[in-house]
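Participant:
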Amino acid sequence: MMRRDWDDRARKEAFHYIATWRQDWDPDSFFRSGEEDYQRLVEVFFRRWQWQPDRKAMLELGCGAGRMTRSFARRFACVYACDISPEMLRRAKTLLPAADNIVWLQGDGKSLAGVGANSVDFVFSYIVLQHMPTEALAFQYVREMLRVLKPEGAFLFQFNSVREPTMNRTGRLAWGVVDALWTIRMNRASRAVASWMGWDPELAGKSWRGASVEVDRMLEVLWSAEGAVQEMSGAGTPMTWCWGMKRAGNGR
Ligand SMILES: C[S@@+](CC[C@H](N)C(=O)[O-])C[C@H]1O[C@@H](n2cnc3c(N)ncnc32)[C@H](O)[C@@H]1O
Numbered sequence: 020m021m022r023r024d025w026d027d028r029a030r031k032e033a034f035h036y037i038a039t040w041r042q043d044w045d046p047d048s049f050f051r052s053g054e055e056d057y058q059r060l061v062e063v064f065f066r067r068w069q070w071q072p073d074r075k076a077m078l079e080l081g082c083g084a085g086r087m088t089r090s091f092a093r094r095f096a097c098v099y100a101c102d103i104s105p106e107m108l109r110r111a112k113t114l115l116p117a118a119d120n121i122v123w124l125q126g127d128g129k130s131l132a133g134v135g136a137n138s139v140d141f142v143f144s145y146i147v148l149q150h151m152p153t154e155a156l157a158f159q160y161v162r163e164m165l166r167v168l169k170p171e172g173a174f175l176f177q178f179n180s181v182r183e184p185t186m187n188r189t190g191r192l193a194w195g196v197v198d199a200l201w202t203i204r205m206n207r208a209s210r211a212v213a214s215w216m217g218w219d220p221e222l223a224g225k226s227w228r229g230a231s232v233e234v235d236r237m238l239e240v241l242w243s244a245e246g247a248v249q250e251m252s253g254a255g256t257p258m259t260w261c262w263g264m265k266r267a268g269n270g271r
């Protein structure tokens with residue numbers, strides 16, 4: 020279902036579903052925003068931690084139509100750009116035909132199968148984990164990102180750690196109906212029920228709304244996957260950022 024939903028979104032309006040903060044994207048403004056995000060969100064960490072991308076390999080989980088991938092490919096020797104949606108990847112390849120250091124990978128929706136363990140120097144993900152329908156799946160991807168990372172390689176990713184308000188029985192039931200209708204492709208009816216309940220209809224569909232992730236559990240998962248977190252910001256908000264290194268062997 021995740022693949023189907025993201026393929027539908029790519030066909031409908033790929034740029035908008037990737038970057039919802041603007042309606043009138045064109046390729047220029049789309050890639051400019053990718054570069055701005057690279058400088059604003061990624062380069063600051065590289066500078067602070069004196070980390071250099073040159074001649075290194077990296078993996079981007081959920082690359083979409085390549086918005087930030089282009090900026091990575093200009094700095095790294097090799098970029099593995101993974102996305103669940105073949106439609107997103109098709110658009111990315113068309114938009115970036117000359118980038119010969121990008122390896123486009125279609126993901127299976129649960130792992131980074133096909134990418135070797137300890138094979139990249141840096142892993143990154145932005146506005147992707149927040150769409151995972153369950154916390155367990157977000158953790159599974161974090162373990163996978165750490166698996167493919169070389170010891171002493173760096174990770175940087177964003178996730179949503181807003182504490183979800185506890186919902187009453189009627190609320191849970193109504194979201195159940197919204198999700199069930201979405202699963203059987205009755206998207207309009209699903210949105211209508213959401214609106215009728217006074218919710219944002221754009222939130223219909225588990226592959227969009229996603230589950231929030233508890234910060235403490237994220238720290239545990241990272242530690243057990245050989246990660247050492249060096250910086251975490253935005254805990255308790257939708258924009259929680261986590262930077263760290265993979266520990267160098269022997270669980271130290
Ligand atoms: C909101 S877009 C963000 C794209 C990109 N990170 C950016 O900032 O431009 C989310 C992307 O994650 C991809 N995605 C969602 N679930 C995924 C999964 N399980 N594995 C890989 N990619 C996934 C979607 O297909 C979509 O392209």
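Mapping of the sequence shown onto our numbering: position 113 corresponds to residue 132, and the numbering continues sequentially without gaps. The beta carbon of each residue, even a glycine, is placed where N, CA and C say it ideally should be.
How long is the line joining the alpha carbons of Glu55 and Tyr145, rounded to whole angstroms?
Facilitator: Locating residue 55 in the sequence shown gives position 36, counting from the first residue. Locating residue 145 in the sequence shown gives position 126, counting from the first residue. So the alpha carbons of these two residues sit roughly 13 Å apart.
Participant: Please state the DSSP three-state secondary structure of Phe95.
Facilitator: For the purposes of this step, residue 95 is taken as the residue at position 76 of the sequence shown. The answer is coil: DSSP assigns Phe95 none of H, G, I, E or B.
Participant: State the beta-bridge partners of Ala199 as determined by DSSP.
Facilitator: One-based indexing of the sequence shown puts residue 199 at position 180. Per DSSP, none; premise fails for Ala199.
Participant: Could you spell out the range, first to last residue, of the alpha helix (DSSP H) harbouring Lys299?
Facilitator: This structure cannot speak to residue 299, because the chain is shown only from 20 to 271.
Participant: Beta carbon of Pro116, beta carbon of Ala230: below 8 Å?
Facilitator: As a first step, residue 116 must be located in the sequence shown, where it is residue number 97. As a first step, residue 230 must be located in the sequence shown, where it is residue number 211. It is not a contact, given that the beta carbons lie outside the stated cut-off.
Participant: Please check the pair Ser104 and Ala29, which I expect to be a contact at CB under 8 Å, by giving their CB distance rounded to whole angstroms.
Facilitator: For this step, residue 104 is matched to residue 85 along the sequence shown. For this step, residue 29 is matched to residue 10 along the sequence shown. That belief holds up - the Cβ atoms of Ser104 and Ala29 are roughly 6 Å apart, short of 8 Å.
Participant: For Asp324, which beta-bridge partners are listed by DSSP?
Facilitator: An answer regarding residue 324 cannot be provided, because it is not within the stretch 20 to 271 covered by the chain.
Participant: Return the chain-ordered list of same chain residues with a C-beta closer than 6 Å to the C-beta of Ala100, the five sequence neighbours on each side being excluded.
Facilitator: Taking the sequence shown and counting its residues from 1, the one referred to as residue 100 is at position 81. Only Glu79, Cys82, Thr88, Ile121, Trp123 meet the Cβ criterion.
Participant: Can you list the beta strand (DSSP E) stretches of 3 or more residues lying completely in the segment 112 to 163, in chain order?
Facilitator: Counting whole runs of 3 or more residues, the segment 112 to 163 contains the beta strand (DSSP E) stretches 121 to 125, 139 to 144.
Participant: Taking the alpha carbon of Val134 as the point to measure from, which residue in Gln58, Thr113, Asp102, Arg110 has its own alpha carbon closest?
Facilitator: Start at 1 with the first residue of the sequence shown, and residue 134 comes out as number 115. When only C-alpha atoms are compared, the closest one is Asp102.
Participant: Which residues in the same chain have their Cβ closer than 7 Å to the Cβ of Glu106, if we skip the five residues on either side of it in sequence?
Facilitator: Against the sequence shown, residue 106 aligns to sequence position 87. Taken in chain order, the residues that qualify are Asp26, Ala29, Arg30.
Participant: With C-beta atoms as the reference, is Ala96 less than 8 Å away from Ala76?
Facilitator: Taking the sequence shown and counting its residues from 1, one reaches residue 96 at position 77. Taking the sequence shown and counting its residues from 1, one reaches residue 76 at position 57. Result yes, Cβ atoms of Ala96 and Ala76 sit closer than 8 Å.
Participant: I believe Pro257 touches Val147 by the beta-carbon criterion, under 8 Å. Please report the beta-carbon distance rounded to the nearest angstrom.
Facilitator: Along the sequence shown, read from residue 1 onward, the residue named residue 257 stands at position 238. Along the sequence shown, read from residue 1 onward, the residue named residue 147 stands at position 128. At roughly 13 Å, the Cβ-Cβ gap does not stay under 8 Å, so Pro257 and Val147 are not in contact.
Participant: I need the straight-line Cα distance from Glu32 to Ala211, nearest angstrom please.
Facilitator: Along the sequence shown, read from residue 1 onward, the residue named residue 32 stands at position 13. Along the sequence shown, read from residue 1 onward, the residue named residue 211 stands at position 192. Cα to Cα, the separation comes out at about 21 Å.
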